[in-house]
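Asker:
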Amino acid sequence: MSSKPAARELEPATISEHAGVRYLHLGTPWVQGAMRIRKPEALELEYVQRMMVWMLFRPAAELTSGHAVQLGLGAGAITRFCHQVLKMRTTAVELNPTVIDACRLWFRLPAESARFTLLEMDAAAFAGDPERAGSADVLCVDLYDHEAASPVLDSVAFYRDCRRLLADGGVMTVDLFGRDASFDVSVGRIVAAFGRDAVRTLSPTREGNQVVVAMKQVTAPDRALLAERAQNIETRFKLPARKWLRMIQLLPEPEPGAAGPSGATPPPA
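Read in order, the letters of the sequence shown correspond to residues 0 to 268 in numbering that gives the first Met the number 0.
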C-alpha cells in the first residue's frame with residue numbers, strides 16, 4: 000500500500016494577510032503558520048517559538064551545528080530559522096505539494112542546497128526509514144490536518160521511529176493541543192517511546208498549543224545550567240528562553256497501581 004494519500008485528500012494551501020503578517024491556511028480559518036513580512040526570519044507565532052525549546056537541552060556550542068529536521072513544513076518558520084539564523088543543515092518533510100508551493104512563493108523558503116533539503120513525502124515513511132536512523136540532532140514534529148483537531152501521526156510506533164531517527168543526545172519537540180482530551184494519550188505514547196525521565200512538557204499557549212520535549216540518551220541539564228543556556232539563547236538569538244524555563248514541567252509520577260500507557264515498554268538502549 001502506498002504511504003502517500005491521493006492528492007485530492009490534501010486540502011489546498013491558502014494565504015491571508017493582516018497587519019503585516021502573512022498566514023498559511025489549509026482551506027479553513029485555522030492558522031497553520033505565519034510570517035511577518037518585514038522580518039521573515041523571526042518566529043511570529045508563540046507556539047512556534049516554544050518549539051525551539053530544544054535549544055535549552057543542547058550545549059551552547061552545538062546550537063549552530065548538526066542536522067535539524069522538521070516533520071510538517073507549515074509556513075516554513077522553523078525551517079527558515081534553523082537554516083538561516085542557526086546555520087544548521089536542515090531537512091523539511093511535507094506531504095502536501097500546495098504547502099510546498101506556497102512556502103516557495105509567499106514564505107521565503109530557502110532554495111535547496113547542500114545545507115537544505117526539502118522532501119515531498121509522508122513523514123511516517125521518512126521517520127520509519129532505517130537508513131536514516133541516528134541522522135537528526137534536532138527533530139520538530141508539527142503534523143496537523145486542515146481541521147487542526149489532532150496530530151495526523153500520533154502512535155507509539157511513530158514516536159519510536161522518531162526516537163530511532165535521533166542521534167544520541169538528540170532532542171525532539173512536538174506540538175500538541177494541551178486542552179484537548181487526546182493530550183494525555185499523546186504524551187503517554189511519547190513516554191512509551193522515550194521513557195518517562197526523558198520527557199518534559201511546557202505550559203499551553205493561550206490558543207491551547209502545548210509543546211512536549213523528548214530527549215534521546217541524554218541526562219537532562221540541571222536548573223543552573225538551563226538558566227545559563229537560557230540567558231545565552233536570549234542574548235544571541237532574541238528568543239524568550241528564560242520564559243520557557245519557567246514553563247518546563249516534569250511529568251507527574253503515575254499513581255501506585257495505575258496502568259501505563261497502552262503499549263508502553265521501556266525504550267531501547
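Just so you know, even glycine gets a beta-carbon here, dropped at the ideal spot from N, CA and C.
All values derive from a computational prediction rather than experimental measurement.
Please classify Q230 as buried or exposed, where buried requires at least 16 other C-beta atoms within 10 Å of its C-beta.
Answerer: Against the sequence shown, residue 230 aligns to sequence position 231. So Q230 counts as exposed.
Asker: Can you check whether the CB of A76 is closer than 8 angstroms to the CB of V47?
Answerer: What you label residue 47 is simply residue 48 of the sequence shown in a count that begins at 1. What you label residue 76 is simply residue 77 of the sequence shown in a count that begins at 1. The answer is yes: Cβ separation under 8 angstroms.
Asker: Could you check the C-alpha separation between P4 and V184 for me, to the nearest Å?
Answerer: Walking along the sequence shown from the start, residue 4 turns up at place 5. Walking along the sequence shown from the start, residue 184 turns up at place 185. With a pLDDT of only 42 at P4, under 50, the local geometry of the prediction cannot be trusted, and the value read off the model is given with reservation. About 25 angstroms.
Asker: Under the three-state reduction of DSSP, which class applies to M171: helix, strand or coil?
Answerer: On the sequence shown, residue 171 is found 172 positions in, with the first residue counted as 1. Here M171 sits in strand by DSSP.
Asker: If you follow the alpha helix (DSSP H) that V155 is in, where does it begin and where does it stop?
Answerer: The count along the sequence shown starts at 1 and reaches residue 155 at position 156. That run of the alpha helix (DSSP H) goes 155-164.
Asker: Take E45 and list the residues in its own chain whose beta-carbon comes closer than 7 angstroms to its own, dropping the five residues that flank it on each side.
Answerer: The count along the sequence shown starts at 1 and reaches residue 45 at position 46. If we look at E45 and ignore the five residues flanking it on each side, its Cβ neighbours are T204.
Asker: Does DSSP put Q31 in a helix, a strand or coil?
Answerer: In the sequence shown, residue 31 corresponds to position 32, counting from 1. In this structure, Q31 counts as coil in the three-state DSSP scheme.
Asker: Check this for me: beta carbons of D174 and M51, under 8 angstroms apart or not?
Answerer: Within the sequence shown, the letter at position 175 stands for residue 174. Within the sequence shown, the letter at position 52 stands for residue 51. Contact: no.
Asker: If we call anything under 8 angstroms between Cβ atoms a contact, is A135 one with L164?
Answerer: Your numbering for residue 135 matches position 136 in the sequence shown. Your numbering for residue 164 matches position 165 in the sequence shown. Yes, these two residues count as a Cβ contact at 8 angstroms.
Asker: Where A269 and A132 are concerned, what is the direct C-alpha to C-alpha distance, given to the nearest angstrom?
Answerer: The shown model of the chain, from 0 to 268, leaves out residue 269, and the question about it has no answer.
Asker: Considering only the alpha carbon of each residue, which of H66, T218, K242 lies closest to L271?
Answerer: Lying before the first or after the last residue shown, residue 271 is absent from the chain, which here runs from 0 to 268.
Asker: To the nearest angstrom, report how far apart G194 and V155 are at their CA atoms.
Answerer: On the sequence shown, position 195 is the one that residue 194 refers to. On the sequence shown, position 156 is the one that residue 155 refers to. The alpha-carbon atoms of G194 and V155 are separated by roughly 12 angstroms.
Asker: Thinking just about the alpha-carbon of each residue, which of W105, V140, Q83, H24 is nearest to the one in V212?
Answerer: Mapped onto the sequence shown, residue 212 falls at position 213. Ranking the options by Cα distance to V212, first place goes to V140.
Asker: For R88, which beta-bridge partners are listed by DSSP?
Answerer: Here residue 88 corresponds to residue number 89 of the sequence shown, with the count starting at 1. Bridge partners of R88: H66.
Asker: The alpha helix (DSSP H) that contains N231, what's its start and end?
Answerer: For the purposes of this step, residue 231 is identified with residue 232 of the sequence shown, where counting begins at 1. Per DSSP, N231 belongs to the alpha helix (DSSP H) from 222-236.
Asker: For E252, does the count of other Cβ atoms within 10 angstroms reach 16, so buried, or fall short, so exposed?
Answerer: On the sequence shown, position 253 is the one that residue 252 refers to. Exposed.
Asker: DSSP puts E269 in a beta bridge; with which residues?
Answerer: This structure cannot speak to residue 269, because the chain is shown only from 0 to 268.
Asker: Nearest to V68 by CA position, among E206, A122, A110, is which residue?
Answerer: Taking the first residue of the sequence shown as position 1, residue 68 is located at position 69. With distances taken between Cα atoms, V68 lies closest to A122.
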